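Trainee: Handing you this structure, nothing more for now.
In this note's numbering, the protein residues as written are 112 to 178.
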C-alpha cells in the first residue's frame, strides 16, 4: 500500500462515514480517532507503515478500484 493509495482510501472513508470537508489522510485520521478513541495528536504521530497496517482490514466497496 503506497501513500497515494492511503489518500484514496481516506477519500473513500470520509465519504462513507459522512466526514464533510475531510478527504485524504484527514479522513483516515478521523476514522482512527473515532474507531479507537485515540487523540488526534496520537494518530498524527503514526508512521505510514502503521497506518497501512491499521487499515489493512478496512472493508471497501466491491466496485472501488484501489489500483
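Don't be surprised by glycine CBs; every beta carbon is placed ideally from N, CA and C. These numbers come from a predicted model, not from an experiment.
Please report how far the alpha carbon of residue 162 lies from the alpha carbon of residue 124, in whole angstroms.
Mentor: Cα to Cα, the separation comes out at about 13 angstroms.
Trainee: Mind checking if residue 166 is an interface residue toward chain D, Cβ cutoff 8 angstroms exclusive?
Mentor: In the structure shown, chain D cannot be found, because there is only a single protein chain.
Trainee: Would you kindly check if the distance between the Cβ of residue 142 and the Cβ of residue 128 is under 8 angstroms?
Mentor: In this structure, residue 142 lies closer than 8 angstroms to residue 128 by Cβ.
Trainee: Does residue 168 pass the burial test, meaning 16 or more other C-beta atoms within 10 Å, or should it be called exposed?
Mentor: Counting Cβ neighbours within 10 Å, residue 168 comes out exposed, since fewer than 16 surround it.
Trainee: Hey, would you say residue 121 sits closer than 8 angstroms to residue 138, going by beta carbons?
Mentor: A contact, by the Cβ cut-off of 8 angstroms.
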